[in-house]
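Visitor: My questions will all concern the structure given below.
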Amino acid sequence: MPVIDVVQGDITSQDTDVIVTAANESLMGGGGVDGAIHRAAGPRLAEAGAAVGPCAPGDAMATPAFDLTPPVRHVIHTVGPVWEGGAYGEADVLASCYRRCLAVADALGAASIAFPAIATGVYGFPPDEAARIAVRTLRSTPTRVERIRLVAFDTQAHDLLTAALAS
Ligand code: APR
Numbered sequence: 761m762p763v764i765d766v767v768q769g770d771i772t773s774q775d776t777d778v779i780v781t782a783a784n785e786s787l788m789g790g791g792g793v794d795g796a797i798h799r800a801a802g803p804r805l806a807e808a809g810a811a812v813g814p815c816a817p818g819d820a821m822a823t824p825a826f827d828l829t830p831p832v833r834h835v836i837h838t839v840g841p842v843w844e845g846g847a848y849g850e851a852d853v854l855a856s857c858y859r860r861c862l863a864v865a866d867a868l869g870a871a872s873i874a875f876p877a878i879a880t881g882v883y884g885f886p887p888d889e890a891a892r893i894a895v896r897t898l899r900s901t902p903t904r905v906e907r908i909r910l911v912a913f914d915t916q917a918h919d920l921l922t923a924a925l926a927s
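In case it helps, the working numbering puts the sequence shown at residues 761 to 927.
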């Protein structure tokens, strides 16, 4: 059972083996957390993403971390659901993102992984429900990962993730 913690900060400065980016299907970079990670990892990340992509919503694919600071060795790119009101399977796609990222992390032999609040920015997923889905999925998915870090970029996300962990 992995230890799960919540921190407030920038995912590009986390000392985990793997960091997860909330990508679009091309895996060639975008804005938000994806933009921050691509800027920190350098242009080779977009080249590697293009080589393994496209990535369907709910799936996850790994690339090297390139210029990101060690110990980060891999970036796992996952594509969240675009929120369309909740009746189109968005919750299942988001849960699949967290499950598939853990499966890919296991295949990499990663001991630790950092997640952003997937889909809660541009894709518009309600952050309170997203926090509950993240914690519920991470707690119920068998994995060899020992440490999971949920990285909140603002205090609202931090409070929601902390509340979800406490429930
Ligand atoms: N570190 C940690 N979290 C961050 C950072 C950062 N440097 N920058 C942004 N975030 C947070 C946002 O505050 C939000 O809570 O990441 C969460 C996800 O927001 P987005 O990055 O907008 O991702 P998402 O909602 O999944 O939309 C993905 O946006 O950037 C494009 O190419 C991307 O098309 C894709 C879409």
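In this text, a Cβ means the ideal position worked out from N, Cα and C, and glycines have one as well.
(1) Scan the segment 831 to 880 and note each continuous alpha helix (DSSP H) run of 4 residues or more that stays entirely inside, going in chain order.
(2) Which residue or residues does DSSP assign as beta-bridge partners of D765?
(3) Can you pull the DSSP bridge partners for T781?
(4) Is Y848 buried or exposed, if buried means 16 or more other CB atoms sit within 10 Å of its CB?
(5) Suppose you measure from the CA of S786 to the CA of P814; what does that come to, to the nearest Å?
(6) Counting pairs of Cβ atoms below 8 Å between the segment 777 to 794 and the segment 835 to 848, do you hit three or more?
(7) For F826, I'd like the list of residues in its chain whose CB is within less than 7 Å of its CB, leaving aside the five on either flank, ordered along the chain.
Guide: Let me lay it out:
(1) 850 to 868
(2) R909
(3) H837
(4) exposed
(5) 5 Å
(6) yes
(7) A801, G802, R804, L805
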